[in-house]
Amino acid sequence: MPVVLENLGKRFGDGAPVLDDVNATIGKGEFVALLGASGCGKSTLLNIMAGLEVPTSGALEVPSDGAAFMFQDAALFPWLTARENIELALQLRGVGKAERRIKANELLELVHLAGAGDKRPHELSGGMRQRVALARSLAQDRQLLLMDEPFAALDAITRDLLHDELERIWKETGRTIVFVTHNVREAVRLGQRVLLLSSRPGRVVQEWNVTEEHRTDAGLAGQLTGVITARLREEIRRHAK
Amino acid sequence: MRNNSSPVADTPEATETPVSAGSTGGHNSAGSTGGHEETRKVHAALTRSSTGSADLRELESGLDSLQSDAVRKARVDWSRILLPVAAVVVLIIIWQAYVSLGLKRRDLVPGPLDVAGQFGTLWAEGALQEAVWTSLQRGLVGFLISVAIATPIGLLLAQVAPLRRAFGPLISGLQVLPSVAWVPAAIIWFGLTDATVYFVVFMGAIPSIINGLISGVDQIPPQYRSVGTVLGASRLQMAVQIVLPAALPGYLGGLKQGWAFSWRSLMAAEIIAVGGTIGFGLGSMLNQGRDLADMTIVMSAILLILAVGILIELLVFGPIEKRLLQRRGLLAGSTR
Numbered sequence: 433m434p435v436v437l438e439n440l441g442k443r444f445g446d447g448a449p450v451l452d453d454v455n456a457t458i459g460k461g462e463f464v465a466l467l468g469a470s471g472c473g474k475s476t477l478l479n480i481m482a483g484l485e486v487p488t489s490g491a492l493e494v495p496s497d498g499a500a501f502m503f504q505d506a507a508l509f510p511w512l513t514a515r516e517n518i519e520l521a522l523q524l525r526g527v528g529k530a531e532r533r534i535k536a537n538e539l540l541e542l543v544h545l546a547g548a549g550d551k552r553p554h555e556l557s558g559g560m561r562q563r564v565a566l567a568r569s570l571a572q573d574r575q576l577l578l579m580d581e582p583f584a585a586l587d588a589i590t591r592d593l594l595h596d597e598l599e600r601i602w603k604e605t606g607r608t609i610v611f612v613t614h615n616v617r618e619a620v621r622l623g624q625r626v627l628l629l630s631s632r633p634g635r636v637v638q639e640w641n642v643t644e645e646h647r648t649d650a651g652l653a654g655q656l657t658g659v660i661t662a663r664l665r666e667e668i669r670r671h672a673k
Numbered sequence: 082m083r084n085n086s087s088p089v090a091d092t093p094e095a096t097e098t099p100v101s102a103g104s105t106g107g108h109n110s111a112g113s114t115g116g117h118e119e120t121r122k123v124h125a126a127l128t129r130s131s132t133g134s135a136d137l138r139e140l141e142s143g144l145d146s147l148q149s150d151a152v153r154k155a156r157v158d159w160s161r162i163l164l165p166v167a168a169v170v171v172l173i174i175i176w177q178a179y180v181s182l183g184l185k186r187r188d189l190v191p192g193p194l195d196v197a198g199q200f201g202t203l204w205a206e207g208a209l210q211e212a213v214w215t216s217l218q219r220g221l222v223g224f225l226i227s228v229a230i231a232t233p234i235g236l237l238l239a240q241v242a243p244l245r246r247a248f249g250p251l252i253s254g255l256q257v258l259p260s261v262a263w264v265p266a267a268i269i270w271f272g273l274t275d276a277t278v279y280f281v282v283f284m285g286a287i288p289s290i291i292n293g294l295i296s297g298v299d300q301i302p303p304q305y306r307s308v309g310t311v312l313g314a315s316r317l318q319m320a321v322q323i324v325l326p327a328a329l330p331g332y333l334g335g336l337k338q339g340w341a342f343s344w345r346s347l348m349a350a351e352i353i354a355v356g357g358t359i360g361f362g363l364g365s366m367l368n369q370g371r372d373l374a375d376m377t378i379v380m381s382a383i384l385l386i387l388a389v390g391i392l393i394e395l396l397v398f399g400p401i402e403k404r405l406l407q408r409r410g411l412l413a414g415s416t417r
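Have a look at this one:
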């Protein structure tokens, strides 16, 4: 099991706990969607898995080589071209100069951006930037890929395409993916398993399996989306005063 | 069926597709808008929307070209050259007109032609070339050494919090202190030598370059560091490969100011410290004009000091800054 979370808790200073008693296991090669309303600590949980923050209680097991991370905005370095951004990730991993170039081109090809390698981030559209960011996180070559609402800022058309794209790349590379989102449809579209996180404190309250039938039968997928949405709204309603 | 229609239907961006049993919703965009009792409305994005890798590649490349700007061709913009030249010509005409009115004695306020004549004389003597060359050489050498000293110090202060807390206020104070204040001390320590001039230049340029670099580092979006951490950058790699390039626009601002301070400090030092082994620079020329009470020499020296400043900006900093900002997509909409 690449990721095991046991009774994980996190609070900032003396405030109320952001995460409380989070339990989950994520298998190798699995695609898990982490779903929750705003302020449920999804991003905090992801940051803890990435090692950017430390939990205040509980135990956590992640691959020893760490995780690749993809942010909500592409966070590409504006002084580097698309290819150089990917090469930097390879360089910081210790890949030699000649090999970097070849690998970066392969990754650009993988995200269908072979022709845009010499463009700078500001010359790319939002969707292209996210694909470069995806290629960069794949350049890290970690088994575990953490994604923090990577498509939230994109337009609907681009997002739909990137869902297909991500699914394809996941199947080609066999990565373990934890995908944080507040979008039920996105969670059902992408995840093999959807974990619903409650809000304040964040805790895994329910999970659903998404089968291959859901990928092709829109009716079935719609039904599941409805069930999950109802449960999510119930969770939100709890906070009404 | 209440369950699956309600969460989907009230989202404005949802593209609803009527789906009959067994069909794959994503591609079914036929215009039969509901009506049928068995039809369930489902969001198109719930299932795969492309038919395969080739189709996906084509769709993406279509979308990419729709969303990218067409490349605009850069043309030589003559107004960039003609407008500043016109501004100078207008100022000279005003100057000449004022002198022609004869309100002041001609030796106190010489006209453009008198100054141009003095320029010719100084050129023929070789004094003009010598002064410009001496000052420019000192200014550039002093500036470059300042950059070499200030950059590591600035990076260290920006990255190590206790150091910054300790020395930050002192450096800011040094930037405010006019570097001319160091001239007497420098003369006492180093005598009338080049060392005096360089010392004053360093004291002028180094604090402002350090401060420019620090403020450049302060303005880096925090996410760049997160990315660096996630990518596994060491402390040194973070400083050299992420922090320094990210801070470059602010650093360049510091360099510009550092150059301005070294040039000013140099002139001040040259005016005050004359003689000894200190050569003949533009400041010395200015001072000589005062001693001779020759306003045309004074004006010539002032204009030369100004001209060097403008040329360095136009030929060195301007193009570097423009290129730097353009590559990062930061120049759109500016009046540059």
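Line by line, the protein sequences give chains B and F. Going by my numbering, the first residue of the first sequence is number 433, and it counts up by one from there. Going by my numbering, the first residue of the second sequence is number 82, and it counts up by one from there. Even for Gly, the Cβ is constructed at its ideal location relative to N, Cα and C.
Taking C-alpha positions only, I323(F) is separated from D145(F) by approximately 28 angstroms. Among the residues facing chain F, P487(B) is not included, as its CB has no counterpart in that chain under 7 angstroms away.
Its chain contains V620 and H646 as the residues whose beta carbon lies nearer than 7 angstroms to that of A653(B), once the 5 sequence neighbours on both sides are disregarded; these appear in chain order.
Within its own chain, the residues whose Cβ lies closer than 6 angstroms to the Cβ of S489(B), once the five positions on either side in sequence are excluded, are G441, listed in chain order. Interface criterion not met: the Cβ of R607(B) is under 7 angstroms from no Cβ in chain F. Chain B places no beta carbon closer than 7 angstroms to that of E139(F), leaving this residue out of the contacts. In this structure, the beta-carbon distance from A482(B) to Q304(F) does not fall below 7 angstroms. Under a 10 Å Cβ-count criterion, R219(F) is classified as buried, with 16 or more other Cβ atoms of the shown protein chains found around its own Cβ. In this structure the region 335-343 of chain F lies against the region 211-229 of chain F, because at least three pairs of beta carbons, one per stretch, are closer than 8 angstroms. Counting C-beta pairs with one atom in each stretch, the region 517-526 of chain B and the region 597-611 of chain B have fewer than three that are closer than 8 angstroms, which means they do not touch.
For the region 607-641 of chain B, the residues whose beta carbon sits under 8 angstroms from a beta carbon of chain F are, in order, V616, R617, E618, V620 and R621.
Within chain F, the residues D145, Q148 and S149 have their CB atoms less than 7 angstroms from the CB of S557(B), given in chain order. Neighbours of T310(F) across chain B, judged by C-beta separation under 7 angstroms: L484. Around the Cβ of G331(F), a 10 Å sphere holds 16 or more other Cβ atoms; the residue is buried. Your pair H671(B) and S631(B) checks out as a contact, with CB atoms roughly 6 angstroms apart and the cut at 8 angstroms. The beta carbons of A456(B) and L576(B) sit about 13 angstroms from each other, so the pair does not count as a contact at 8 angstroms. Nearest Cα to V397(F) within the set R306(F), L336(F), M319(F) and G356(F): L336(F). For A267(F), the closest of G339(F), L255(F), L137(F) and V281(F) by C-alpha to C-alpha distance is V281(F). Runs of the alpha helix (DSSP H) lying entirely within the region 314-394 of chain F and spanning at least 4 residues, in chain order: 329-353, 363-372 and 376-393. Exclusion of the five residues before and after A514(B) leaves A548, G549, K551 and V564 as the residues of its chain whose Cβ lies within less than 6 angstroms of its Cβ. When the five nearest sequence neighbours on each side are left out, the beta carbons in the same chain lying within less than 8 angstroms of the beta carbon of V180(F) are those of R187, V190, P191, G192 and P193, in order along the chain. The continuous alpha helix (DSSP H) containing D136(F) extends over residues S134 to Q148. Annotated three-state conformation of T613(B) is strand, per DSSP. For I480(B), no chain F residue has a Cβ inside 9 angstroms of its Cβ, as the nearest lies near 13 angstroms away.
Per DSSP, L466(B) is one residue of the beta strand (DSSP E) stretching across F463 to G468. If you draw a straight line from the Cα of G254(F) to the Cα of Q504(B), it comes to about 41 angstroms. Taking V494(B) as reference, the option from R533(B), F509(B), P449(B) and K460(B) with the minimal CA-CA separation is K460(B). Interface annotation, A465(B): not in contact with chain F, CB-CB separation never under 7 angstroms. With a beta-carbon spacing of about 19 angstroms, T590(B) and A465(B) fall beyond the 8 angstroms limit used to define contacts.
Under the Cβ criterion (8 angstroms, minimum of three pairs), the region 388-407 of chain F does not count as touching the region 304-316 of chain F. Taking 9 angstroms as the Cβ-Cβ cut-off, the region 284-308 of chain F approaches chain B at P302, Q304, Y305, S307 and V308, given in chain order. Secondary structure note for F200(F): its alpha helix (DSSP H) is the uninterrupted segment P193 to E206. Under the Cβ distance rule, A521(B) counts among the residues neighbouring chain F, one pair being separated by less than 7 angstroms. Of T608(B), L622(B), G606(B) and E604(B), the smallest CA-CA separation from D592(B) is found for L622(B). Cβ atoms of R568(B) and N537(B) stay farther apart than 8 angstroms, at about 14 angstroms. When the beta-carbon positions are compared, V616(B) and T661(B) come within less than 7 angstroms of each other.
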